């Protein structure tokens, strides 16, 4: 896109643990927030977003950048430093491009979490820096994860493309490039790494365990 309704350039954003709420799902002291976040909801005016040449540092909160139900977003030439959850957290939305960015884990669970109901995310010409936290519950790009969804028949995450990306300071045995949960296979080109596909039976069991008796879709 050439025309954006919102442009953020040449700026630094740092998470503030003192200006965030406790995360009930995390040990004491963890704070649920992001250094920079954008959101859209049905009924709101649609907008397109450009984030360019920025440093986004979680600084101890959950994630660096959070996009909730956003569409038509370009993130270019940015350095995004993760929190205890992610460098980037995407919840619903689509048509999102990350170009020439650096994603730096800092004892971070995933470099990217791309939850359910996301369609069309491209990560191109970018660098993943440092190992993610735990080999048994982590990946560079985690696809189709969830918060507390009330039904299983929502759209799968799909059209996730990882192209011409590389690693820095990453152990060979932790190169789990993608972890597929409730998602379609990613499209990977000129990027090394293992693509882990969680069997559907485990997804169904875990989803049933996590499902809440609510009529709305939450975080």
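Numbering (the numbering used here), first residue to last: 598 to 816. No residue lacks a Cβ here, since even glycine has one placed at the ideal position from N, Cα and C. Just so you know, these numbers come straight off a predicted model, no measurement behind them.
Beta-carbon gap between residue i and residue j smaller than 7 angstroms
{"i": "residue 725", "j": "residue 700", "result": "yes"}
{"i": "residue 751", "j": "residue 788", "result": "no"}
{"i": "residue 659", "j": "residue 643", "result": "no"}
{"i": "residue 677", "j": "residue 703", "result": "no"}
Buried versus exposed, by CB contacts within 10 Å (16 or more), residue i
{"i": "residue 603", "result": "exposed"}
{"i": "residue 636", "result": "exposed"}
{"i": "residue 728", "result": "buried"}
{"i": "residue 638", "result": "exposed"}
{"i": "residue 609", "result": "exposed"}
{"i": "residue 709", "result": "buried"}
{"i": "residue 712", "result": "buried"}
{"i": "residue 732", "result": "exposed"}
{"i": "residue 799", "result": "exposed"}
{"i": "residue 654", "result": "buried"}
DSSP three-state assignment for residue i, whether helix, strand or coil
{"i": "residue 734", "result": "helix"}
{"i": "residue 805", "result": "helix"}
{"i": "residue 607", "result": "coil"}
{"i": "residue 791", "result": "strand"}
{"i": "residue 751", "result": "coil"}
{"i": "residue 797", "result": "helix"}
{"i": "residue 599", "result": "coil"}
{"i": "residue 683", "result": "strand"}
{"i": "residue 739", "result": "strand"}
{"i": "residue 654", "result": "strand"}
{"i": "residue 615", "result": "helix"}
{"i": "residue 663", "result": "strand"}
{"i": "residue 771", "result": "helix"}
{"i": "residue 822", "result": "In this structure the chain extends from 598 to 816, so residue 822 is not present and cannot be described."}
Nearest neighbour of residue i, chosen from the options [CA to CA]
{"i": "residue 640", "options": "653, 686, 632 and 666", "result": "666"}
{"i": "residue 656", "options": "756, 612, 693 and 684", "result": "612"}
{"i": "residue 818", "options": "734, 777 and 679", "result": "It is not possible to answer for residue 818, since the shown part of the chain is limited to 598 through 816."}
{"i": "residue 778", "options": "753, 631, 671 and 698", "result": "753"}
Integer-rounded CB distance, given that residue j should sit under 8 angstroms from residue i
{"i": "residue 606", "j": "residue 649", "result": "5 angstroms"}
{"i": "residue 738", "j": "residue 793", "result": "Not quite, the Cβ-Cβ distance comes to about 10 angstroms (not below 8 angstroms), so this is no contact."}
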